[in-house]
Every structure is written in C-alpha cells, then in structure tokens.
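As given, the protein sequences belong to chains B and X, one line each in that order. At position 217 of the first sequence (counting the first as 1) the number is 1273 in my numbering, and the numbers step up by one without a gap. At position 222 of the second sequence (counting the first as 1) the number is 1278 in my numbering, and the numbers step up by one without a gap. For glycine and all other residues, C-beta sits at the position ideal for the given N, C-alpha and C. Keep in mind the model is a prediction, meaning the values are calculated, not measured.
Number of protein chains: 2
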Amino acid sequence: MNANIKWLREKMKMLDLEGMIISNPNNIRYLTGIIAEGILLITRKENIYLTDARYIEEVNSTLTIDDEIIVHEFKDFTTDEYENFFLFCENVGFEENYMTYAQYKECIRRYKINNMQETEGIIEKQRMIKDEEEIAKITRACEITDNCFEHICQWIKIGQTEKEIALEIQRYFQLHGAEDLAFPTIVASGKNSSKPHAMPTDKKIELGDVITIDFGCKYEGYCSDMTRTVFAGYIPEKIREVYDLVLHNQKETQMAMKDGANAKVLTKLVKNDFELHGYDLIHALGHGLGLDIHEYPFISNQDFYLKENMVVTNEPGIYIPENFGVRIEDTVLISKNGCINLTKSDKNYIIVDKVQK
Amino acid sequence: MNANIKWLREKMKMLDLEGMIISNPNNIRYLTGIIAEGILLITRKENIYLTDARYIEEVNSTLTIDDEIIVHEFKDFTTDEYENFFLFCENVGFEENYMTYAQYKECIRRYKINNMQETEGIIEKQRMIKDEEEIAKITRACEITDNCFEHICQWIKIGQTEKEIALEIQRYFQLHGAEDLAFPTIVASGKNSSKPHAMPTDKKIELGDVITIDFGCKYEGYCSDMTRTVFAGYIPEKIREVYDLVLHNQKETQMAMKDGANAKVLTKLVKNDFELHGYDLIHALGHGLGLDIHEYPFISNQDFYLKENMVVTNEPGIYIPENFGVRIEDTVLISKNGCINLTKSDKNYIIVDKVQK
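The following block contains the structure:
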C-alpha cells in the first residue's frame, strides 16, 4: 500500500471513520495514480476502485499488486454485495464538496450507510505539502512555460489578435511535451487588461498596448502558472509607473515568502503599499497549485502560515478600470529559509515587436 | 417576463413548489440569457439573480426591464434578508444534480427552508424542444462545422499528427465565428480509431489509416456535433465493408427519425443489422444537444418517443478492438414527417492526401 493511502487510513482512525467514499478525481489520482471516472472506497478490509468498462484496462495497467487496490466494474455487484461493502461501519466519510445531493442520496440507498460524515477537505489539505516527485513534475511544467514565454515574445507582432496569441501558446505547449493547458490562457491587451479574468478576444494588438499573458501547462497532471505583462512597441510612461510598483511588490513578496510566513501579513504588506500609491489589491495575492490549478493554501486575508514544500503563486496586480492592468506572477516553492522561483522568466520591461528607429 | 420563466412558474404551481433555486448554469442561461456564475431564485414575489462583483456589469447589460429579474450581489444581504427570500414557502425546489451536498446544506442554513424538494430535471426536459431562435443558432454552428470539415479535408497530409489536426480544427473554428469547441475534438487514426472516445495523440497519420474526426463548435452557446471517418491515401478493402455497413445504417436511421419515432426501436434496428454482420453497437445511437453537448433525449435502449423540434445526433459506429473503427454522425432536427440534417457534409468515401498515380 502506498504512503498516501496509509496516511489516509491513519487519518480515518483518528476521525473515527470506519469507511470513506472518495469521489474527487484529483484526490483519487493523488492516492492511487488512477486517471479515470470512478470512485474509491476505503473499507475496514480493503481499498476498492469502482469504474466502468471503458476504464478497466487503463486502470489495471496503472496499478501494481503493491498498491493493494481491488478494481471492479460497477455492474459486477448485486444489490446485496453493495450493501456489504460498509457492513458494520458506523461512520463513513464522504467529500461533501465533490458529491451532488443526488449522488449522496444514491450512496445511502446503495450502500445502506448509517452515518455519512462530511470530511471537510482532509485530502486536499494533505495535498498542500508536495513530495519530491510532485515538485519535479511542477518544476518541469514551469520550465516548459518559461520556454513557451521566450518563444511567444519573439512571435508576437502588432496586428495579431489576442486569440491568435493564445492559440500559439497552446500549439507550443502541445508540441513541447505539455499534456494540456493548466487553465484557459489569458491574453488581455490594452483596455482589456484592466479585467483580471479577461478571456482572449478578436481585438488586435495595437502599438502602445500592454499585454497581460497569464498561462500555464500540465505535466503528468501537475500545473504551472505564470503571468507576465509585456509592452507592444514601446512603454507608455503612465503604465511604466504602475509596472514598477507591481514588480517591486512582487519581489518584496518573493523575499518574504518562506516557511512560517503568514499569508495574511504578506497580503497586507502589498495592499498597504498599493493603497499608499492610490491603488488597491482586488484579488488574492496567491494560491496553492498542484493537481488543481487552484488549491489550498490561499494567500489572502486569512491567517495561515506557509510551510516548507508548499507550492504557491505570487501574483500582485493593479487594474485601472477602462484603462489598463498589470499583473506579474511566478510559481514558487516554499523552503525553510526562503522561496525558490520555479518560473524564472525575465520580469524586467519586455517590449515585443519593438519599434525600429 | 419571458416565456421560459413564465413556463417555469406555471410548472412550479403544478408541482406545489412555492419557490425554486436554480444552479445549473445552462438552465439559468436558458431561462434568463445570463452567462455568469451565480444562482437564480424564483420566489412567490420575484425572480432574483445573485452573483458576485465580477459579473454585475455583464449581467445588467444582458437583461432588460421586461425580464423582471432583480440582480444583486451575494454580499448585499444580511442574514435576516436571506431568511426572508423564501418566507412562508413550504416547498422549495432545487436541482439535485447541480448542487453539491455542501451547497445543499448551506441553502438550508442560509434561507431557512423547511422542505427542499428535488425537481428531477424539469428544466432539462423542457429544453428538449427547441424554439426557432435555438434552432437557428444550432444550424449556424453546424454550418461552421461543415465549412471546417471541407477545409480540414484539404489540409490533412500523411505524416501530420492527430494533435496537429485537432489544433487546426480549433484554429479554424476560432477564426470563423465559432465561440468555442463544443467538446474536445477527437482525431483518432489507424488502431486508435477502435476506441470510441480516443483523445488525439502524437501518432502520425500513415498511408492506409482510417481517421475518425468527431468535432463540433458552439455558436451563441449552442452546440454542433458531427463525425466523419475518412481515409488516408486509399481505401483498404476490409475497412470499406465496415464503412458501407455503418453508412447504410446511418442513412436508414435518418429515414426513420421523425416525430413519433421510438428511440428504442431505432436503436434495435441498427443493433440487429450490425449483429447480423458479426458486429455490435456498443454505444448509444444518439443524444440530444443544445446548450449542452449531451442532453435529453438519449437514443438508446429506453422507450422514448421523438418529438418535433428536438435536435439529436444520429451516430452509429463499429469498433474492432486493436484494429480500427468507423463512426458517421450528423446533427439532425426532428420534424413532423422526417428529419432534417443540420450537418450536411459528404458521407461518401472521402480520401485525404490521395495517392497520386
């Protein structure tokens, strides 16, 4: 049995859970390596993965005998056999955020469970601390992202649309070993950059635009996340000032992020400095990432202490409505005495399709 | 108030529901036109849409005064005000398949509801019958899909990878008025075509491969869905026979699909003919589509009668494990006396990158 499942079985003992139903696909992947549609049942006797015919071959090729996970098709069991899985289990844990009400009722009916107990993200919280293998995968995703950024800076020309640039990023990832986008790429130019979550449009890049590019890929399931704000042709003076302020705070945060740093304090420091200059911090300063692009911890107004081997983003941004926005973001690994940038692309002024003089 | 919300309020009366909480985003879009993250509350007095600050501007620009929908931010309300929404409502409907158990409990807590009642897809079932405007949007999505297919048949060359072809389809859609893919494009060549849901790989197209291309786009929220199986260079004899059998059945189904046709019978006819030839029909013969790529009705083993103005797919397929597969699919509109193909691409043998003699 692998270390993650052993950990979970221990945790269940502490919580007086005799069984657990795991339905969050990324939690199942974390515990077992399985990438499929199905559910994982932890009973007092066994670890059982239930899926349908489409996935049986794939799942069996993922697992080894050491995993001690029994794989079945849903349809293999009679009504009686379903009711036996959790026989004599008083409390069975479930993931209240990853089960619809209809599925919840179906579980009670099918397994005849006395007491379904909410588990409040115990596995998600465990996933905050990354092991060596997970860090290696995130590091690789970040390298591909850095390489993609180098390519795209050479590639962008005034007159291209935001959508064309987003598609070129996807094409690059696809041809250079990424298995997927980590999230829909943001390419937001000129006025559009004033919306933190703008989706790429048919707007063409114009001379003097800022372009916010927020993108990342997946490598063996693990995400990267980076934002750079670049300039088309030249740097307008009003934007330079904001850029400098954002970059200063991004670097200050980078200096302060380490084991034991308080997320609320980090956020407050940036917010105060922005406010001192007449701006505001309107979104979280950062978030954890791993199998999910957004996962625990969140670096915002909650008291929370960073720990060694968490992987989080550092992404201050300033947005001036109907005008422009600047965000600079790295993926970083928290260590004992500081943090290590996993995305390493240049953060000095970057001018794409520079005006020739 | 628009016709869809009026219909829902009538339906609620029939079901003795004094209120309803709608959380399925496509049901909200269907009822209100709103594209955002939020929930729709139907109370005895009002229609209320609750969202957060990011969407307020967008939502207000979508609605007119005639919609009679009041828009608020979640944070606008005090605990007391939340409890007043459903005051004196004995039964409040909710969507048990679009609410997690955690959200369900939060609803009871926040709104102090006595009896939350499952509504068993009433809105999804109403969405089966498309109105004129919906049909026009699906028709446009299908036209773009046909044009894309014409382009891609010229574009494909032996030696390209499945992923490259899938990306070119996406590029075409993006540059020709589609707002998105309707679902991840399937490009499955050679052996890969034997898996109905194969994802594009780095496998290169080889001379003599079949290539199954299953793709569609969205136009103003509405989906198209089409599959063609084409040949790289020439037509291998063993594949030709299977192609002919699939095409024959696809055309027979097309002839039989009309108002009053029974989905189970349609399916059985194809299954019988496949079995007569030593093959099997291993997936549903078709499915409804609209705002969702898969929605009611499903054309499989369930007794169900097609009705005028339903839009469904017609997609028989044969898959020979470790060998090859053939699927041919159109999106069709059910009418009184027959069905109308909304995707119109050629279904005769299509040879891409034809061998020059």
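With respect to the C-alpha of G1316/X, the residue from E1364/X, I1376/X, P1377/X having the closest C-alpha is E1364/X. Looking at the DSSP output, I1125/X sits in a beta bridge with N1103/X. When Cβ-Cβ separations below 8 Å define contact, R1110/B makes contact with chain X. With a threshold of 8 Å between beta carbons, A1158/X makes contact with chain B. Think of a sphere of 7 Å around the beta carbon of E1297/B: no beta carbon from chain X falls inside it, the nearest being about 26 Å out. Fully contained in the region 1269–1303 of chain X is no alpha helix (DSSP H) run of length 4 or more. For G1264/B, the CB contacts under 7 Å within the same chain, skipping 5 residues up- and downstream, are A1288, G1289, Y1290, P1292 in chain order. In this structure, F1150/X lies near C1163/X, with their beta-carbon atoms less than 8 Å apart. Contact annotation: L1398/B and T1195/B have beta-carbon atoms nearer than 8 Å. Contact of M1155/X with chain B is assigned, a C-beta pair being separated by under 8 Å.
P1353/B is positioned such that its CB atom lies closer than 8 Å to that of A1319/B. Between F1205/X and M1155/X, the CB-CB gap reaches or exceeds 8 Å.
Taking a Cβ-Cβ cut-off of 7 Å, the neighbours of E1152/B in chain X comprise T1156, Y1157, A1158, given in sequence order. At a cut-off of 8 Å between beta carbons, Q1216/B makes no contact with chain X.
For P1353/X, the enclosing beta strand (DSSP E) starts and ends at 1351–1355.
Linking D1122/X to I1338/B through their CA atoms gives a straight-line distance of about 34 Å.
If you keep only unbroken beta strand (DSSP E) runs of at least 3 residues inside the region 1347–1399 of chain X, you get 1351–1355, 1367–1370, 1373–1376, 1380–1383, 1386–1390, 1395–1397.
The alpha-carbon of L1325/X is positioned some 20 Å away from that of I1396/X.
Judged by DSSP in its simplified three-state form, Q1173/B adopts strand. In the displayed model, A1222/B falls within a helix according to three-state DSSP. Looking at C1279/X, K1213/X, E1139/X, E1124/X, the one whose alpha-carbon comes closest to that of P1240/X is C1279/X. If you ignore the 5 residues before and after H1304/X, its C-beta comes within less than 8 Å of the C-beta of D1329, all in its own chain and listed in chain order. In this structure, V1408/B sits away from I1185/B, with a CB-CB distance that is not shorter than 8 Å. Between the beta-carbon of F1229/X and that of C1273/X there is about 5 Å, and that keeps the pair under the 8 Å contact cut. Following the DSSP letters along the chain, one finds N1147/B inside the beta strand (DSSP E) bounded by residues 1147–1150. At a cut-off of 8 Å between C-beta atoms, K1294/X does not count as an interface residue with respect to chain B.
Put simply, of G1177/X, I1376/X, V1321/X, V1302/X the residue whose alpha carbon is nearest the alpha carbon of E1385/X is V1302/X.
Distances from the CA of L1341/X to each of E1308/X, A1158/X, S1245/X, E1188/X were compared; the closest alpha carbon is that of E1308/X. According to DSSP, M1076/X shares a beta bridge with I1098/X, G1149/X. In terms of Cα proximity to K1131/X, the closest of D1108/X, E1152/X, L1096/X, E1102/X is D1108/X. When DSSP states are grouped into helix, strand and coil, S1245/B belongs to the strand group. For the C-beta of K1219/B, the chain X residues within less than 7 Å are, from N- to C-terminus, Q1230. Around the Cβ of S1401/B, a 10 Å sphere holds 16 or more other Cβ atoms; the residue is buried.
Collapsing the DSSP output to three states places I1267/X in a strand.
The contact set of H1253/B on chain X, defined by CB atoms closer than 9 Å, consists of R1110 in chain order.
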